[in-house]
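Chain order of the listed sequences is A and B. As numbered in the numbering used here, residues 3 to 152 make up the first sequence, in order. As numbered in the numbering used here, residues 3 to 152 make up the second sequence, in order. Note that the Cβ used here is the ideal one computed from N, Cα and C, for glycine as well. In what follows, a single structure is set out as structure tokens and then discussed.
There are 2 protein chains.
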Amino acid sequence: MQKNKKRQIKKSRQILLDNNIPITKPRMLVLGILLKNEGPLKVEDIIKLSRGKLAVSSMYRIINNLKNLNLINEFQTLENTKMIELADVKDEHHHHIFCESCGAVYDFEVDSHIEKELEKEIIKIKSKYDIIVKSHSLELLGLCKTCRDK
Amino acid sequence: MQKNKKRQIKKSRQILLDNNIPITKPRMLVLGILLKNEGPLKVEDIIKLSRGKLAVSSMYRIINNLKNLNLINEFQTLENTKMIELADVKDEHHHHIFCESCGAVYDFEVDSHIEKELEKEIIKIKSKYDIIVKSHSLELLGLCKTCRDK
DNA sequence: TATTATTTGAGAATGATTCTCATTCCTGAA
DNA sequence: TTCAGGAATGAGAATCATTCTCAAATAATA
Ligand SMILES: [Mn+2]
Ligand SMILES: [Mn+2]
Ligand SMILES: [Zn+2]
Ligand SMILES: [Zn+2]
Numbered sequence: 003m004q005k006n007k008k009r010q011i012k013k014s015r016q017i018l019l020d021n022n023i024p025i026t027k028p029r030m031l032v033l034g035i036l037l038k039n040e041g042p043l044k045v046e047d048i049i050k051l052s053r054g055k056l057a058v059s060s061m062y063r064i065i066n067n068l069k070n071l072n073l074i075n076e077f078q079t080l081e082n083t084k085m086i087e088l089a090d091v092k093d094e095h096h097h098h099i100f101c102e103s104c105g106a107v108y109d110f111e112v113d114s115h116i117e118k119e120l121e122k123e124i125i126k127i128k129s130k131y132d133i134i135v136k137s138h139s140l141e142l143l144g145l146c147k148t149c150r151d152k
Numbered sequence: 003m004q005k006n007k008k009r010q011i012k013k014s015r016q017i018l019l020d021n022n023i024p025i026t027k028p029r030m031l032v033l034g035i036l037l038k039n040e041g042p043l044k045v046e047d048i049i050k051l052s053r054g055k056l057a058v059s060s061m062y063r064i065i066n067n068l069k070n071l072n073l074i075n076e077f078q079t080l081e082n083t084k085m086i087e088l089a090d091v092k093d094e095h096h097h098h099i100f101c102e103s104c105g106a107v108y109d110f111e112v113d114s115h116i117e118k119e120l121e122k123e124i125i126k127i128k129s130k131y132d133i134i135v136k137s138h139s140l141e142l143l144g145l146c147k148t149c150r151d152k
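Structural data, given as structure tokens:
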């Protein structure tokens with residue numbers, strides 16, 4: 003576990019170095035939290051997980067920071083709560099499923115062949131709408147097992 | 003044009019009747035605005051288009067009203083502004099493309115065969131994640147012609 | 001038209017996010 | 001290693017969207 007933590011610290015530092023922004027305690031803290039919890043987090047969660055070591059205003063500033071560097075994805079839950087997660091590294095790409103009853107969010111990937119198919123289709127859109135498509139997001143809405151069993 | 007307006011009024015009234023909620027001036031007004039502008043609107047736009055004939059609080063109440071009846075879709079722009087549009091009627095189904103530069107939002111439909119393909123793929127998700135998928139949303143991010151030309 | 005429950009309007013209250021600015025912290029040069 | 005200058009942070013005020021409250025207006029119904 004200690005090993006893991008060290009690796010995360012190294013990784014956080016590297017991310018900041020790669021992006022030419024100063025290595026500060028608050029930024030290391032936020033990255034550490036995002037690295038440790040791979041799923042998406044609510045702003046509120048990040049605040050809690052930082053256990054008073056981070057001002058709320060700083061947290062928002064840092065998140066916007068990272069967002070501008072395309073280091074994090076942001077999306078909204080069904081109740082319009084903002085959620086944050088580390089961005090996909092190149093190649094990799096994932097989507098989200100929401101349970102419409104309990105609001106849980108799950109990551110998922112589609113088979114690469116359908117992702118390819120999808121992308122082919124998306125490229126056609128350029129000609130139809132005269133828009134060059136840069137990225138896409140697919141979200142599913144459903145009912146998780148726990149909620150179904152109730 | 004007058005003809006069109008009358009048709010819209012009739013349609014708005016019918017929507018309210020179908021859903022068993024009282025036909026009131028504010029509700030007719032909001033539905034009229036949503037019917038007239040088929041694209042998605044910001045809350046702010048609806049307020050403007052109602053030209054002082056509608057209290058802000060009422061507008062929010064009515065929107066939530068219609069949302070609970072599944073009569074409208076809601077989504078967020080890139081800048082996290084809420085947008086609203088009349089929901090797809092059965093069968094029909096559409097998606098959105100955002101221009102990441104100017105923020106414009108366009109509706110689009112994917113060819114039915116890929117939509118089918120997509121849905122097939124989505125069904126598999128049930129077994130993988132043990133979630134029954136009810137609906138999906140696909141959003142594209144790109145660059146529109148006007149922005150490209152600049 | 002009169003009755004009654006529902007809806008509306010106005011503005012207060014709330015909650016999330018941004019802003020401000022004095023203080024603290026990084027970093028690179030000496 | 002120390003230090004100076006510029007950038008980042010913390011605390012709380014300000015802003016903005018949305019919800020809440022409740023008295024007054026309105027719609028459905030007979
Ligand atoms: Mn995710
Ligand atoms: Mn649309
Ligand atoms: Zn659930
Ligand atoms: Zn554009």
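Beta bridge pairing from DSSP links residue 78 of chain A with A:84. As a beta-bridge residue in DSSP terms, residue 144 of chain B pairs with A:135 and B:101. Taken through DSSP and simplified to helix, strand or coil, residue 44 of chain B comes out as strand. Judged by beta-carbon spacing, residue 80 of chain B lies beyond the 9 Å limit of residue 46 of chain B, meaning their Cβ atoms are not closer than that value. Taking each of A:14, A:104, A:42 and A:83 in turn and checking the Cα distance to residue 151 of chain A, the smallest one comes out for A:104. Our two residues, residue 32 of chain B and residue 30 of chain A, have alpha carbons roughly 48 Å apart in a direct line. Contacts with chain A (Cβ-Cβ distance below 7 Å) from the stretch 125-148 of chain B involve 127, 131, 132, 133, 134, 135, 136, 137, 138, 139, 140, 141, 142, 143, 144, 145, 146 and 147, listed in chain order.
For ligand 2, residues qualifying as neighbours are B:42, B:87, B:96, B:98 and B:109, where qualification means a beta carbon closer than 6 Å to at least one of its heavy atoms (chain order). Non-local beta-carbon contacts of residue 73 of chain B in its own chain, meaning distances under 6 Å to residues more than five positions away in sequence, involve 89 in chain order. Within chain A, 123 have C-beta atoms less than 7 Å from the C-beta of residue 112 of chain B, given in sequence order. Placement of the Cβ of residue 103 of chain A at a distance of less than 8 Å from at least one heavy atom of ligand 3 is found. For the 9 Å CB-CB criterion, residue 108 of chain A and residue 146 of chain A form a contact. The beta-bridge partner set that DSSP reports for residue 62 of chain B is empty.
Residue state for residue 90 of chain A is assigned as coil, using DSSP reduced to three classes. In this model, residue 84 of chain B and residue 42 of chain B are separated by some 10 Å (Cα to Cα).
By the Cβ rule, the stretch 112-120 of chain B counts as touching the stretch 114-122 of chain A, because three or more pairs are nearer than 8 Å. Going by DSSP, residue 20 of chain B is part of the alpha helix (DSSP H) stretching over 4-20. For residue 101 of chain B, the nearest beta carbon of chain A is closer than 9 Å to its own beta carbon. If you draw a straight line from the Cα of residue 125 of chain B to the Cα of residue 138 of chain B, it is about 11 Å long. Under DSSP, residue 109 of chain B takes part in a beta bridge, and its partners are B:98. In the DSSP assignment, residue 25 of chain A falls outside any alpha helix (DSSP H), carrying neither H nor E. Here the alpha carbon of residue 22 of chain B sits roughly 24 Å from the alpha carbon of residue 58 of chain B. Under the Cβ distance rule, residue 152 of chain B does not count among the residues neighbouring chain A, no pair being separated by less than 9 Å. Residue 44 of chain A has a beta carbon lying at 9 Å or more from every beta carbon in chain B.
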